[in-house]
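The structure appears right after this line, and notes come after that.
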Amino acid sequence: MRNIKLAIIVLGFMLCSAFLIMPIGAQDNLLTEADPYLYAGYYFYNGEVNDAFGVSGKIYTISPAVPGINHFAQWVNVMISYRNHYWIQMGYIKDLLHRGLIPVFHIEVNDAWSHRFRFISTPKPQVGVTYKYIIIPAYEDGKWDCIILRGESVIFETTMETNPFDCDDVQAFTETTIGEINIVGTHFSELSYFNGRGFPLWDHHVPRADSPYYLKEKSHYEFYAYGGG
Amino acid sequence: MNKKVRVLIQTSVIIVFIITVSMFAHYLLTSSVPPAPFPGKQITLDEFHEIVKTRDLDIFIPSSLPMGYKLTGIWYMPTDIIIVFDNRGVSDYRYARIGLEISRGIITFEQSKPYGRVIKYETPYAIIRGYVLEKAHCDYSPTGYISLAELWITSKRTWKTMHYLIDVRPPLGINELMSIIYSLKPMDEVFKEE
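Residue numbers (the numbering used here), protein chains in the order written: chain A, 1 to 229; chain B, 1001 to 1194.
Okay, here's the thing in structure tokens:
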């Protein structure tokens, strides 16, 4: 009788554990449905004519505490299709479950072929350093050049192919999955768009800051963000 | 310990272990940092007419839809227009079953890479060229897949070329998509016919 009671307790404990773990695996679908991501940054879109064929921007690297299975990321993004949720994005991410205590550079593509997420193992972003991220059409077989610069030096470069090959908008955002992440220190600057000839600075923008985050809009091409924690 | 109880515990441990590992594996393989959602707004047909007139655009929409489908929403931002049709009244730009996303496009048809079946044809109103994919990945589809066409449509009235992504979500498929593509006409003509 004592053994059976013990067995029931152990079994109950294990089932409870499984149900507690389940949301981790289910998180992706839940997030897609409810869009619980929190954003602070700029959309570029507010122009009557879209001359943006690519994007670049400088992002100061911070490393806030990220609790549990959440993530914090800062990036620039080319939106290929809002309707079908297609994009190409580059920046850095801090995600304890995947990569531990230090931020890593990342590239993400979601398009008609598939979803691809790439953590860049080397180099690693250094906290307190500003990097410039560039996504620019390579004009070769639907590919994008993805470049990271530290100062004038290219520290990482690769090409990514997308299908379709288009740009409906560009974005520059800080993103978290939970308001407990404190994003103080966030600084995006020299946000530029590629117009086929060069990289003019953004001459318009649309801000977005989800509570508990706030933006300090310095210009169309520069902002600070803070809040959370 | 009773043998049956021991077997029960061992089996449970294995099951829980498998569930845990598969959940973590799923999470690790599907990490994503999605961009900020569509910042545009839903507008009325009259407002849309006004925008189209002001910008002197020819917008092409299907003159023939699958049975029961009708226009349910127009979503607008200056660089991107999404027009959706549905047979359940769904106006959400992500989940309506037929969608047209219209933008200026960053490359021409000639510069593009043929990613699917090539389409080229001409109507009294337009020159239509592009590609069709029977099965394209899409997060917002209940099956994870859609049928998708990427088209460059040059209006014979304005000689402007616009970039169209036209898609259908399940249960609609490639046959419905092809019918939609071959029924494209300028919006004014479609409403005149109605």
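Cβ coordinates follow ideal geometry from the N, Cα and C atoms, glycine included.
Just so we're clear, the structure is a prediction, and the values are computed from it rather than from any experiment.
* Contacts that residue 223(A) makes with chain B (C-beta to C-beta distance below 9 Å) -> For the purposes of this step, residue 223(A) is taken as residue 223 along the first sequence, with counting starting at 1. Residues of chain B passing the Cβ test: none, with the nearest at roughly 14 Å.
* Asked: Got a sec? Which residues, its chain only, sit under 6 Å from residue 208(A) by beta carbon, not counting five neighbours each side?
  -> Along the first sequence, read from residue 1 onward, the residue named residue 208(A) stands at position 208. Cβ within range, chain order: 39.
* **Chain-ordered neighbours of residue 167(A) on chain B, where CB pairs are closer than 7 Å** => For this step, residue 167(A) is matched to residue 167 along the first sequence. Simply 1106.
* Establish whether the CB of residue 1179(B) and some CB of chain A are separated by less than 7 Å. => Counting from 1 along the second sequence, the entry for residue 1179(B) is found at position 179. No - not a single Cβ of chain A is within 7 Å of the one on residue 1179(B).
* What's the call for residue 1084(B), buried or exposed, on a 16-neighbour Cβ count within 10 Å? -> Your numbering for residue 1084(B) matches position 84 in the second sequence. Flag for residue 1084(B) reads buried.
* Ordered along the chain, which non-local residues of its own chain (more than five positions away) have a Cβ less than 7 Å from that of residue 128(A)? -> As a first step, residue 128(A) must be located in the first sequence, where it is residue number 128. The residues are 61.
* Report the neighbours of residue 1069(B) on chain A: residues whose CB is nearer than 8 Å to its CB, in chain order. => Counting from one through the second sequence, the residue named residue 1069(B) turns up at place 69. Under the 8 Å cutoff, chain A gives no residues; its nearest Cβ is about 16 Å from residue 1069(B).
* Of all the CB atoms in chain A, is at least one closer than 7 Å to the CB of residue 1046(B)? -> By 1-based counting over the second sequence, the position of residue 1046(B) is 46. Chain A contact via Cβ: absent.
* To do: Give a yes or no on contact between the stretch 87-96 of chain A and the stretch 1010-1020 of chain B, applying the rule of three or more CB pairs nearer than 8 Å.
  => no
* Asked: Any beta-carbon of chain A closer than 7 Å to the one on residue 1172(B)?
  -> Counting from one through the second sequence, the residue named residue 1172(B) turns up at place 172. Taking Cβ atoms only, chain A never reaches closer than 7 Å to residue 1172(B), which makes this a no.
* Are the C-beta of residue 90(A) and some C-beta of chain B separated by less than 7 Å? -> One-based indexing of the first sequence puts residue 90(A) at position 90. Chain B, which has no Cβ nearer than 7 Å to the Cβ of residue 90(A), makes this no.
* Where residue 1159(B) falls, given that 16 or more other Cβ within 10 Å makes a residue buried -> Translated into positions along the second sequence, residue 1159(B) becomes position 159. By the Cβ neighbour-count rule, residue 1159(B) is exposed, with fewer than 16 other Cβ atoms within 10 Å of its own.
* Asked: Within 10 angstroms of its Cβ, does residue 171(A) collect 16 or more other Cβ (buried), or is it exposed?
  -> Position 171 of the first sequence, counting from 1, holds the residue named residue 171(A). Buried is the call here.
* **Residue interval of the beta strand (DSSP E) (run including residue 145(A))** => In the first sequence, counting from the first residue as 1, residue 145(A) sits at position 145. Counting along the chain, the beta strand (DSSP E) containing residue 145(A) begins and ends at 143-150.
* **residue 77(A) beta carbon less than 7 Å from that of residue 1035(B)** => Within the second sequence, numbered from 1, the residue matching residue 1035(B) stands at position 35. Within the first sequence, numbered from 1, the residue matching residue 77(A) stands at position 77. Yes, Cβ-Cβ distance for residue 1035(B) and residue 77(A) is below 7 Å.
* Just reading off the beta strand (DSSP E) that residue 190(A) is part of, what are its end residues? -> Start at 1 with the first residue of the first sequence, and residue 190(A) comes out as number 190. From DSSP, the beta strand (DSSP E) with residue 190(A) extends over 186-194.
* To do: Using three-state DSSP, classify residue 1175(B) as helix, strand or coil.
  => Stepping through the second sequence from its first residue, residue 1175(B) is reached at position 175. Helix at residue 1175(B).
* Asked: DSSP beta-bridge partners for residue 55(A)?
  -> Here the question's residue 55(A) lines up with position 55 in the first sequence. Per DSSP, 135(A) and 193(A).
* So, helix, strand or coil for residue 1049(B), using DSSP? -> Indexing the second sequence from 1 puts residue 1049(B) at position 49. Residue state, collapsed to three classes: helix.
* To do: Would you tell me roughly how many angstroms separate the C-alpha atoms of residue 1163(B) and residue 1148(B), rounded to the nearest one?
  => By one-based count along the second sequence, residue 1163(B) stands at place 163. By one-based count along the second sequence, residue 1148(B) stands at place 148. Rounded to the nearest angstrom, the two C-alpha atoms are 13 Å apart.
* Asked: If you draw a straight line from the C-alpha of residue 1193(B) to the C-alpha of residue 206(A), how long is it?
  -> Start at 1 with the first residue of the second sequence, and residue 1193(B) comes out as number 193. Start at 1 with the first residue of the first sequence, and residue 206(A) comes out as number 206. Answer to the nearest angstrom: the Cα atoms are 39 Å apart.
* **Classification of residue 1121(B) by the beta-carbon crowding that lies within 10 angstroms, buried from 16 upward** => Start at 1 with the first residue of the second sequence, and residue 1121(B) comes out as number 121. Exposed, by the Cβ-count rule.
* C-alpha gap between residue 1172(B) and residue 1097(B), whole angstroms -> Locating residue 1172(B) in the second sequence gives position 172, counting from the first residue. Locating residue 1097(B) in the second sequence gives position 97, counting from the first residue. Roughly 7 Å separates the two Cα atoms.
* Given that residue 175(A) touches chain B, what residues does it touch there, using C-beta distances under 7 Å? -> Counted from its first residue, the first sequence places residue 175(A) at position 175. Within chain B, the residues near residue 175(A) are 1033.
* Residues in the stretch 102-123 of chain A having any Cβ partner in chain B nearer than 8 Å -> 106, 108, 110, 111, 112, 113, 114, 115 and 117
* Asked: Below 7 Å between beta carbons: does that hold for residue 1139(B) and residue 168(A)?
  -> Reading the second sequence from its first residue, position 139 is the one you call residue 1139(B). Reading the first sequence from its first residue, position 168 is the one you call residue 168(A). With respect to residue 168(A), residue 1139(B) sits apart: the two C-beta atoms are not nearer than 7 Å.
* Buried or exposed (CB count within 10 angstroms, at least 16 for buried), residue 1136(B) -> On the second sequence, position 136 is the one that residue 1136(B) refers to. With 16 or more other Cβ atoms from the protein chains shown falling within 10 Å of its own Cβ, residue 1136(B) counts as buried.
* Using a Cβ-Cβ cut-off of less than 9 Å, list which residues of the stretch 1077-1093 of chain B approach chain A; keep chain order. => 1077, 1078, 1079, 1080, 1082, 1084 and 1093
* To do: Could you name the residues of the stretch 195-209 of chain A whose beta carbon sits closer than 9 Å to any beta carbon of chain B, in the order they occur along the chain?
  => Contact annotation: in the stretch 195-209 of chain A, residues whose CB is within less than 9 Å of a CB in chain B are 196, 206 and 208.
* Go ahead and label residue 23(A) buried or exposed: buried means 16 or more other beta carbons lie within 10 angstroms of its beta carbon, across all protein chains shown. => Taking the first residue of the first sequence as position 1, residue 23(A) is located at position 23. A caution first: residue 23(A) carries a pLDDT of 38, below 50, which makes its placement in the model too unreliable to give a value.
* To do: From the DSSP output, read off the bridge partner residues of residue 157(A).
  => Here residue 157(A) refers to the residue found at position 157 when the first sequence is read from its first residue. For residue 157(A), which the question treats as bridged, DSSP gives the partners 147(A).
* Should residue 1105(B) and residue 1076(B) be called a contact, given that it needs their Cβ atoms to be closer than 7 Å? -> Taking the first residue of the second sequence as 1, we reach residue 1105(B) at position 105. Taking the first residue of the second sequence as 1, we reach residue 1076(B) at position 76. Contact: no.
* **Rounded C-alpha distance that separates residue 1166(B) from residue 204(A)** => Here residue 1166(B) refers to the residue found at position 166 of the second sequence. Here residue 204(A) refers to the residue found at position 204 of the first sequence. Rounded to the nearest angstrom, the two C-alpha atoms are 29 Å apart.
* To do: Assign residue 1046(B) to one of two classes, buried (16 or more other C-beta atoms within 10 Å of its C-beta) or exposed (fewer than that).
  => Within the second sequence, numbered from 1, the residue matching residue 1046(B) stands at position 46. By the beta-carbon neighbour count (other beta carbons within 10 angstroms, threshold 16), residue 1046(B) is exposed.
* **Residue from 1185(B), 1061(B), 1004(B) and 1020(B) with nearest C-alpha to residue 1125(B)** => Start at 1 with the first residue of the second sequence, and residue 1125(B) comes out as number 125. For the residues 1185(B), 1061(B), 1004(B) and 1020(B), the minimum Cα distance to residue 1125(B) belongs to 1185(B).
* Asked: Between which two residues does the alpha helix (DSSP H) containing residue 1191(B) stretch?
  -> The residue labelled residue 1191(B) in the question sits at position 191 within the second sequence. Per DSSP, residue 1191(B) belongs to the alpha helix (DSSP H) from 1187-1193.
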